[in-house]
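To start, the structure under review is shown below, and the notes come after it.
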Amino acid sequence: MNFGYREVCLDHDTGPRHPESPDRLRAVRRALKERHGVEYVAANDADLDLVQEVHDADYVESFREFCADGGGNWDADTVAVEATWDAALASAGLAVWAAEMSGPGVADRDTPFALGRPPGHHAVTDDAMGFCFINNAAVAAQAALEDDAERVAIFDWDVHHGNGTQDIFYDRGDVFYASIHEDGLYPGTGAIDETGESDGSETTLNVKYQPGADTADYLAAIDEAVAPAIEDYDPDVLIVSAGFDAHEHDPISRMRVSTEGYGAMASRMMDLAEDCGAGLALVLEGGYGLDTLSDSVTTVHEVFDGYTPMEPDDDVSEDAREVLDRLAAQGFGSK
1 MNFGYREVCL
11 DHDTGPRHPE
21 SPDRLRAVRR
31 ALKERHGVEY
41 VAANDADLDL
51 VQEVHDADYV
61 ESFREFCADG
71 GGNWDADTVA
81 VEATWDAALA
91 SAGLAVWAAE
101 MSGPGVADRD
111 TPFALGRPPG
121 HHAVTDDAMG
131 FCFINNAAVA
141 AQAALEDDAE
151 RVAIFDWDVH
161 HGNGTQDIFY
171 DRGDVFYASI
181 HEDGLYPGTG
191 AIDETGESDG
201 SETTLNVKYQ
211 PGADTADYLA
221 AIDEAVAPAI
231 EDYDPDVLIV
241 SAGFDAHEHD
251 PISRMRVSTE
261 GYGAMASRMM
271 DLAEDCGAGL
281 ALVLEGGYGL
291 DTLSDSVTTV
301 HEVFDGYTPM
311 EPDDDVSEDA
321 REVLDRLAAQ
331 GFGSK
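For the sequence shown, counting from 1, position 276 maps to 276 in my numbering; every step adds exactly one.
See the structure below:
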């Protein structure tokens with residue numbers, strides 16, 4: 001794969017015990033070092049005017065001043081230092097690069113994956129939260145729309161609901177947002193009946209699973225709800241908010257997705273983008289076990305280099321089936 005990466009993203013120092021640490025990117029880079037077909041691109045910072053297309057200008061200036069004054073705790077979980085401003089613009093720029101590099105003719109090992117931090121999907125229009133300051137996927141989607149795309153789809157497989165991404169596009173019809181996430185986790189949003197409003201009616205799809213959902217449950221959600229809905233939407237660009245914290249060994253979640261499961265989800269996104277004739281881009285979000293994060297990103301890379309991941313033998317759980325039946329009743333089931 002083509003990985004977007006900037007050393008400045010390591011300068012966002014969250015402290016010795018914070019789960020969203022620079023070691024996350026270091027671990028991924030070490031794991032990819034031994035893999036064939038890995039390329040790195042250092043993209044430009046996101047343009048400030050573009051950032052302000054999805055974030056309130058006063059908030060962006062407050063964030064810049066907060067970092068210029070040395071940073072600190074924006075809230076209990078969201079930490080900044082002086083260098084966080086530069087890291088956040090770089091991380092958003094990597095996501096923009098991934099969206100711009102995607103295209104119907106870009107496939108396999110040329111597929112772009114933005115390895116930036118801080119992550120972004122919790123950042124709302126006028127506030128930082130959940131480790132996130134600038135909503136990288138949202139800025140990337142906006143960049144695609146201001147290029148040639150008429151419609152963009154964002155699929156968020158991070159274990160936490162991407163409340164920021166949903167909120168930014170909730171009343172807009174030009175971005176479809178789908179998420180699979182764990183019930184009971186931060187930030188507590190993403191109910192099944194949150195489906196969009198106004199021009200964005202029926203352009204939000206939330207698969208809110210109970211703790212313990214496994215690979216078979218995630219793949220069923222993609223096969224029966226997410227992929228059919230996105231294919232019906234017919235996007236020009238498909239962005240994956242790729243968090244790896246639903247892994248069965250991640251320290252802060254209770255989901256049971258395997259390393260091979262992330263490969264299987266990536267394979268489905270590759271097929272979905274091809275079916276839609278859409279460009280495909282991946283943007284890193286969460287994932288807090290260094291081994292599980294690096295192994296999962298490596299497996300995703302291998303899929304785009306020709307590897308066929310193992311499919312689970314397990315049946316879909318009763319809890320997951322109930323959720324999928326509710327989605328089908330809303331019109332999000334397989335056609």
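Here a beta-carbon is modelled for each residue, glycine too, at the ideal position from N, C-alpha and C.
Since the model is a prediction, treat every value here as computed from it, not as a measurement.
- The Cβ atoms of ARG109 and GLY37 lie closer than 7 Å to each other.
- Residue pairing by DSSP places HIS247 opposite VAL257 in a beta bridge.
- A contact is defined here as three or more CB-CB pairs under 8 Å, and the stretch 135 to 142 fails this definition with respect to the stretch 67 to 81.
- In the three-state reduction of the DSSP assignment, ALA178 falls in the strand class.
- Annotation for ALA31: the continuous alpha helix (DSSP H) segment containing it runs 23 to 32.
- Taking each of ASN135, GLU302, PHE332 and THR292 in turn and checking the Cα distance to VAL96, the smallest one comes out for ASN135.
- From the listed residues GLU39, TYR40 and VAL54, the smallest Cα separation to ALA46 is found for VAL54.
- Measuring C-alpha to C-alpha distances from PRO187 to each of PHE304, CYS132 and LEU50 identifies CYS132 as the nearest.
- Looking from the CA of VAL175, the closest CA among ALA191, ARG26 and SER198 belongs to SER198.
- The alpha-carbon separation between GLY287 and PHE244 amounts to approximately 4 Å.
- Beta-bridge partners of THR204 (DSSP): TYR177.
- DSSP links VAL283 through a beta bridge to ALA114 and SER241.
- Only residues of its own chain outside the window of five on either side were considered, and among them THR125 and ASP126 have a CB closer than 7 Å to the CB of ASP56, listed in chain order.
- Across the structure, ASP305 and LEU219 are spaced so that their CA atoms are roughly 21 Å apart.
- One alpha carbon belongs to ASP183, the other to GLY196, and they sit about 19 Å apart.
- In this structure, the straight-line span from the alpha carbon of THR259 to that of ASP147 is close to 35 Å.
- Here SER334 is near GLU224, since their CB atoms are less than 7 Å apart.
- At a Cβ-Cβ threshold of 7 Å, THR215 and GLY261 count as neighbours.
- A Cβ-Cβ separation of about 7 Å places VAL152 in contact with ILE239 under the 8 Å criterion.
- Where VAL96 is concerned, the enclosing alpha helix (DSSP H) starts and stops at 84 to 101.
- Between ALA278 and PRO235, the C-beta gap is smaller than 7 Å, which places the two residues in contact.
- Secondary structure at ALA153: strand, using DSSP grouped into helix, strand and coil.
- Nearest C-alpha to ASP232 among PRO211, ASP271 and CYS276: CYS276.
- Residue state for GLU39 is assigned as strand, using DSSP reduced to three classes.
- Burial state of ASP325 is exposed, judged by a 10 Å Cβ sphere holding fewer than 16 other Cβ atoms.
- Contact annotation: VAL159 and MET265 have beta-carbon atoms that are not nearer than 7 Å.
- Here the alpha carbon of GLU202 sits roughly 43 Å from the alpha carbon of GLU34.
- When only Cα atoms are considered, ILE230 and ILE180 end up about 14 Å apart.
- By the CB criterion at 7 Å, PRO118 and GLU285 fall outside the cutoff.
- Annotation: the continuous beta strand (DSSP E) that includes ASN2 extends over 2 to 4.
- Under the criterion of beta carbons closer than 8 Å, SER241 and ALA137 qualify as touching, at roughly 5 Å.
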